[in-house]
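Whatever position you read off the sequence shown (first residue = 1), add 5 for the working numbering. From the three backbone atoms N, C-alpha and C, an ideal C-beta is built for every residue, glycine too. Nothing here was measured: the structure is a model prediction, and the numbers come from that model. Contents: one structure, followed by commentary.
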Amino acid sequence: MNTLNDIIKQYKVQLLETKKKYYEQLKALPKGTLSVKKMGSGEYWYLKYREGKRIVTKYIGKLSEKVVEIEKQIALRKTLEIMLKELEAELALIRKIETIAQGA
6 MNTLNDIIKQ YKVQLLETKK KYYEQLKALP KGTLSVKKMG SGEYWYLKYR
56 EGKRIVTKYI GKLSEKVVEI EKQIALRKTL EIMLKELEAE LALIRKIETI
106 AQGA
């Protein structure tokens, strides 16, 4: 039983390290969504996100490499957030297993 407990503890440590890495990556990525406003004949791109209760709209510019890059970063952020939720579910399961193992 000791070996199983060691494996569970090792897996929990690995999950916690991964969680920390995900949060660090999320800090570096832009949050929010891209929106486009059409004015005259031009299209202008904006990044919208929340700061507390306020909605902030940040001007990016016309369609360019910068807009495409931000779009990729937002997609990566959403993927990381999904992975983080799955990781949290695994951690919850590990905690339940630890609780059961301590009771046995």
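Integer Cβ distance of residue i from residue j, believed to fall under 8 angstroms
i, j, result
"L39", "L52", "6 angstroms"
"Y16", "I87", "So it is not a contact: roughly 20 angstroms between Cβ atoms."
"P35", "I75", "6 angstroms"
"N10", "A106", "6 angstroms"
Selected residue, minimal CA-CA separation from residue i, among the options
i, options, result
"K24", "L89, I65, I79, K71", "L89"
"S69", "L81, R59, G47, V61", "G47"
"E56", "K42, K43, G37", "G37"
Proximal residues to residue i (C-beta, below 6 angstroms), its chain only, five neighbours per side dropped
i, result
"V72", "W50, I65"
"Y27", "L85, L89"
Nonlocal neighbours in the same chain, by C-beta distance under 8 angstroms from residue i, ignoring five residues either side
i, result
"L20", "L92, E95, L96, I99"
Residue i CB to nearest heavy atom of the ligand MG below 7 angstroms
i, result
"K25", "In the structure shown, the ligand MG is absent, as is every other ligand, since no ligand is present at all."
Entirely enclosed alpha helix (DSSP H) segments - the stretch 6-43, minimum 4 residues: 7-33
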